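Peer 1: Heads up: the sequence shown runs through residues -26 to -1, 1 to 207, numbered per mature numbering (1 follows the signal peptide of the UniProt record, and there is no 0). One structure coming up, written as structure tokens, with questions to follow.
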Amino acid sequence: MPGVSMLAQSFLLCTIGLFCTCSVLADTQIGGDFHIRSARWPDHYLDVDWSGTVEFTTNPKDDKTVFTLWLPSSEAQQANPRYLIYSKWWDDSTLFIKETAYAGGVRHEAWCDTASGDLSSSGLYLVRAPVESPTENRTLVMFGSPKYASMYMWSGNSYDVRAREDDPGAGGYWWFDPALPLEFQEGLPDYTGALCSWGCGEVSEEVGLAMCAGPSGMLTAFAGLVLLLGVLS
């Protein structure tokens, strides 16, 4: 379970005296359950399959597309902390960026696996993307690797989710559905590296519309329709 696992979930502070008094500092959950959606393709959701592969789906029908966000207690005082994004389906597994060798070199890709005990391998940085969101209270974020400097989670024109160096453009900007707590959004550090210069894409203006089309907005939209019909009748 997040918050009580071995991955820096807690540590002990002891005051030495006649007795040793210990307190446990637990991790902090940010918000509740979230879908993570692409700012370039708002109907594309992060999804984890049976093997740990992170990819896109346009059919968020189960907990494979649901995640929780945690701030480890050991990172609470850091200016740019490493976060743990747990899969709701596999609740001991987190999102991270891994390096894979292939003929001719290496590539970096998004992955989900059992938390390793090392935040550099199992965690992610969250930074504010260098573009304005088209929707209020819907900050666009980037997911960076603590282990592979300047590598950010990204997808080009396929359902694969990999990672790309520096600002990856709109394919590497994400938003949480429902929205992250406003205070948390306001406290996110800004991305400060080199800006995207190729294959950048555009942030979809439909991010706001997708709020109504997504799971968290359907009930609100339905209630509004019922109210409107009541007024017109």
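For glycine and all other residues, C-beta sits at the position ideal for the given N, C-alpha and C. The structure displayed is predicted, hence computed values, not measured ones.
Between which residues of its own chain and Met185 is the CB-CB distance below 8 angstroms, once the five residues before and five after are set aside?
Peer 2: Confidence at Met185 is low in this model, with a pLDDT of 49, below 50, so its placement is unreliable and the value that follows should be read with caution. Hits under 8 angstroms: Thr109, Arg112, Asp151, Gly191.
Peer 1: Would you report the Cα separation of Tyr76 and Ser132, rounded to the nearest angstrom?
Peer 2: Spanning the two alpha carbons is a distance of roughly 19 angstroms.
Peer 1: Is Asp87 helix, strand or coil when you go by DSSP?
Peer 2: Three-state DSSP puts Asp87 in a strand.
Peer 1: Tell me the start and end of each unbroken beta strand (DSSP E) in the segment 28 to 57 that is at least 3 residues and wholly inside, in chain order.
Peer 2: Correct list: 28 to 31, 41 to 45.
Peer 1: Leaving aside the five residues before and after Trp44 along the sequence, list all residues of the same chain whose C-beta is less than 6 angstroms from its C-beta, in chain order.
Peer 2: Correct list, in chain order: Pro(-25), Asp1, Gln3, Leu58.
Peer 1: Return helix, strand or coil for Ser(-4), following the three-state DSSP convention.
Peer 2: Because Ser(-4) carries a pLDDT of 49, less than 50, the predicted location of this residue cannot be relied on, and the following value inherits that uncertainty. Here Ser(-4) sits in strand by DSSP.
Peer 1: Between the alpha carbons of Cys170 and Thr39, how many angstroms are there, rounded?
Peer 2: Taking the straight line from one Cα to the other gives about 28 angstroms.
Peer 1: So which of His82, Asp37, Arg11 has the shortest CA-CA distance to Ile71?
Peer 2: It is His82.
Peer 1: Using a Cβ-Cβ cut-off of 8 angstroms (strictly less than) and excluding sequence neighbours within five positions of Met125, which residues of its own chain qualify?
Peer 2: Once the five neighbours on either side are set aside, the close Cβ partners of Met125 are Ile71, His82, Gly118, Ser119, Ala137, Arg138, Glu139.
Peer 1: So, do the segment 21 to 39 and the segment 158 to 166 have three or more beta carbon pairs nearer to each other than 8 angstroms?
Peer 2: No, the segment 21 to 39 is not in contact with the segment 158 to 166.
Peer 1: For my contact list, Ala116 and Ala84 are in at a C-beta cut-off of 8 angstroms; report their separation, rounded to the angstrom.
Peer 2: The amino acid occupying residue 116 in the given sequence is Met; Ala does not appear at that position. Not quite, the Cβ-Cβ distance comes to about 12 angstroms (not below 8 angstroms), so this is no contact.
Peer 1: Apart from the five residues on each side of it in sequence, which residues of its chain come closer than 6 angstroms, Cβ to Cβ, to Ala168?
Peer 2: Taken in chain order, the residues that qualify are Asp140.
Peer 1: Note the first and the last residue of the continuous beta strand (DSSP E) segment covering Leu20.
Peer 2: From DSSP, the beta strand (DSSP E) with Leu20 extends over 19 to 22.
Peer 1: Count the other CB atoms within 10 Å of the CB of Ser12; is the residue buried (16 or more) or exposed (fewer)?
Peer 2: By the 10 Å Cβ count, Ser12 comes out buried.
Peer 1: Taking the C-alpha atoms as reference points, what is the distance between Pro142 and Leu(-2)?
Peer 2: For Pro142 and Leu(-2), the distance between alpha carbons rounds to 36 angstroms.
Peer 1: In chain order, what are the residue ranges of uninterrupted alpha helix (DSSP H) at least 4 long that sit wholly in the segment 111 to 185?
Peer 2: Whole alpha helix (DSSP H) segments, 4+ residues: 156 to 161.
Peer 1: Who are Val105's beta bridge partners in DSSP?
Peer 2: Val105 pairs with nothing; no bridge assigned.
Peer 1: With DSSP run on the structure shown, which of helix, strand or coil describes Leu(-20)?
Peer 2: Bear in mind that a pLDDT of 40 at Leu(-20), under 50, signals an unreliable position, so the number given afterwards is only what the model happens to contain. Three-state result, Leu(-20): coil.
Peer 1: In angstroms with no decimal places, state the Cα-to-Cα distance between Thr88 and Tyr60.
Peer 2: Answer to the nearest angstrom: the Cα atoms are 9 angstroms apart.
Peer 1: Confirm, please, whether the CB-CB distance from Lys62 to Asp7 is below 9 angstroms.
Peer 2: It is a contact, given that the beta carbons lie within the stated cut-off.
Peer 1: Is the beta carbon of Glu29 sitting closer than 9 angstroms to the one on Asp21?
Peer 2: Yes; because the gap between Cβ atoms is below 9 angstroms, this pair is in contact.
Peer 1: From Gly79 to Tyr122, what distance separates their C-alpha atoms?
Peer 2: When rounded, the distance between both Cα atoms is 15 angstroms.
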